[in-house]
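Enquirer: Got a structure for you, questions after.
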Amino acid sequence: MMVSAQAGGLWDCHTHIYGPWKSFPLPDDAAYRPAEAPMTRLLEMHQGLGISHGVLVQAACYGTDHRALLAALAITEGRYRGVALIDGTADDATLQKMHDGGIRGIRFNFMGHLPGERNLDQLRVLVERIKPFGWHALLHGQLRQLLPVLDAWSDLDIPLVIDHMGREEATREPDESRLKELAKHLRHTKRWIKLSGVDRMMKGVPSSWTAAIPVARMLLAAALERAIWGTDWPHPNVQGNVPDDACLLRFVQDVCGDDKTKEAVLVDNPRRLYF
């Protein structure tokens, strides 16, 4: 299935860029040191897959320095959006500049290998700061880490997006109780799910990832109008084989099944969230 340009074009809602190093080098204390992966290469990959819109998620190795991300967004004339990493030092003028540059959300990392604030009271202050801008909060972690956050923030009236399907492992029997709890949260009209990270769920196994389809379809069914998708290009810190982005697109299309659902996940839903 290929959505026409008239319908708005396909979205890849989770990518990262690194470099070019001559313009945007990593800091000495970078959380990790990936290979160079500039915006030009991302655009080439998207063109090959027929993707016309995308979302750049600020890489943890750049910390709160968003110069590379904002420069990349500036060349896309509004077709791409960004998700930032901020802390308490970001004032309203900084947030407004980010918004004008295409930022539409912030990301909180709860995974142990990534830096970031974990105190929910302090993170809630940041959530309240972004509310006037109409942004969302992207929550990255495993379900055992994210479910307490969703419980504590059940009253928050801003979009909360669960990253990478809650990082559930699909190579073994899934935790049905946790998935049901997540599905319950996803019925909230401001809770979203990102149907990305299947390669991580499958521990880098190079296959059709059919074992992950039931989990993905369960989450999609809980939030049909609030489900989006992304490749996670260029796949930083992956275990095992680097996935083929065309296979990732085919996977989410298989999860969706019919053309109406594909258009919702790949076109309509991201357009509502990021514009």
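Reminder that position 263 of the sequence shown reads as 263 in the numbering used here, one-by-one numbering, no gaps. Backbone N, C-alpha and C define an ideal beta-carbon position, used for all residues, glycine too. Just so you know, these numbers come straight off a predicted model, no measurement behind them.
Use the C-beta contact count for N109: other C-beta atoms within 10 angstroms, 16 or more gives buried, fewer gives exposed.
Expert: Stepping through the sequence shown from its first residue, residue 109 is reached at position 109. When all chains shown are included, N109 counts as buried.
Enquirer: Could you give the first and the last residue of the continuous alpha helix (DSSP H) run that contains N269?
Expert: Taking the sequence shown and counting its residues from 1, one reaches residue 269 at position 269. Note, N269: alpha helix (DSSP H), 269–274.
Enquirer: So what does DSSP say about Y62, is it helix, strand or coil?
Expert: Residue 62 sits at position 62 when you count from the first residue of the sequence shown. Helix.
Enquirer: Measure the alpha-carbon distance for F251 versus R107 and round it to whole angstroms.
Expert: Within the sequence shown, numbered from 1, the residue matching residue 251 stands at position 251. Within the sequence shown, numbered from 1, the residue matching residue 107 stands at position 107. Taking the straight line joining both Cα atoms gives about 25 Å.
Enquirer: Assuming contact is defined by CB atoms lying nearer than 7 Å, are H136 and G105 in contact in what I supplied?
Expert: As a first step, residue 136 must be located in the sequence shown, where it is residue number 136. As a first step, residue 105 must be located in the sequence shown, where it is residue number 105. Closer than 7 Å, so yes.
Enquirer: So within the region 131–175, which uninterrupted alpha helix (DSSP H) runs reach at least 4 residues, ignoring any that extend past its ends?
Expert: Counting whole runs of 4 or more residues, the region 131–175 contains the alpha helix (DSSP H) stretches 143–152.
Enquirer: If we ignore side chains and look at the alpha-carbon of each, how far apart do S4 and R81 end up?
Expert: Locating residue 4 in the sequence shown gives position 4, counting from the first residue. Locating residue 81 in the sequence shown gives position 81, counting from the first residue. With a pLDDT of 36 at S4, under the threshold of 50, the modelled position of this residue cannot be trusted; read the value that follows with caution. In a straight line, the C-alpha of S4 is about 20 Å away from that of R81.
Enquirer: DSSP three-state call for A37: helix, strand or coil?
Expert: Your numbering for residue 37 matches position 37 in the sequence shown. Strand, per DSSP.
Enquirer: Is I106 helix, strand or coil by DSSP?
Expert: Here residue 106 refers to the residue found at position 106 when the sequence shown is read from its first residue. Strand at I106.
Enquirer: What is the C-beta distance between V265 and I213, in whole angstroms, given that I count them as a contact (C-beta under 8 Å)?
Expert: Residue numbering aside, residue 265 sits at position 265 when the sequence shown is read from its first letter. Residue numbering aside, residue 213 sits at position 213 when the sequence shown is read from its first letter. Not quite, the Cβ-Cβ distance comes to about 14 Å (not below 8 Å), so this is no contact.
Enquirer: My output table needs one value for T276: the three-state DSSP class, helix, strand or coil.
Expert: Missing from the structure shown is residue 276; the chain here goes from 1 to 275 and no further.
Enquirer: In this structure, how does DSSP classify I86 when only helix, strand and coil are distinguished?
Expert: On the sequence shown, residue 86 is found 86 positions in, with the first residue counted as 1. In the structure shown, I86 sits in coil (DSSP, three-state: anything other than H, G, I, E or B).
Enquirer: Could you give the distance in angstroms between the alpha-carbon of L73 and the alpha-carbon of W11?
Expert: In the sequence shown, counting from the first residue as 1, residue 73 sits at position 73. In the sequence shown, counting from the first residue as 1, residue 11 sits at position 11. Spanning the two alpha carbons is a distance of roughly 15 Å.
Enquirer: Which value, in whole angstroms, describes the spacing of the CA atoms of M2 and R200?
Expert: Here residue 2 refers to the residue found at position 2 when the sequence shown is read from its first residue. Here residue 200 refers to the residue found at position 200 when the sequence shown is read from its first residue. The predicted position of M2 is uncertain, since its pLDDT is 39 and thus under 50; no value can be drawn from it.
Enquirer: How big is the Cα-Cα spacing for H140 and A60?
Expert: Translated into positions along the sequence shown, residue 140 becomes position 140. Translated into positions along the sequence shown, residue 60 becomes position 60. Cα to Cα, the separation comes out at about 12 Å.
Enquirer: Return the first residue and the last residue of the alpha helix (DSSP H) that I213 is part of.
Expert: Sequence index remark: in the sequence shown, residue 213 carries index 213 (1-based). Its alpha helix (DSSP H) spans residues 213–222.
Enquirer: Measuring CA to CA, which of M45, M98, L143, L195 is closest to T64?
Expert: In the sequence shown, the residue the question calls residue 64 occupies position 64. For the residues M45, M98, L143, L195, the minimum Cα distance to T64 belongs to M98.
Enquirer: Given 8 Å as the limit, is there contact between the region 18–30 and the region 49–56, that is, 3 or more CB pairs closer than that?
Expert: With a cut-off of 8 Å, the region 49–56 and the region 18–30 do not count as touching, because too few Cβ pairs lie within range.
Enquirer: Helix or strand or just coil, what does DSSP make of A227?
Expert: As a working note, residue 227 is residue 227 in the sequence shown. DSSP places A227 in strand when its eight states are reduced to three.
Enquirer: Please confirm if the region 155–169 is in contact with the region 191–199, defined as three or more CB-CB distances below 8 Å between the two stretches.
Expert: Touching, yes.
Enquirer: So, A222 versus R187, is the Cβ gap smaller than 7 Å?
Expert: As a first step, residue 222 is located in the sequence shown; it is residue number 222 there, counting from the start. As a first step, residue 187 is located in the sequence shown; it is residue number 187 there, counting from the start. Yes; because the gap between Cβ atoms is below 7 Å, this pair is in contact.
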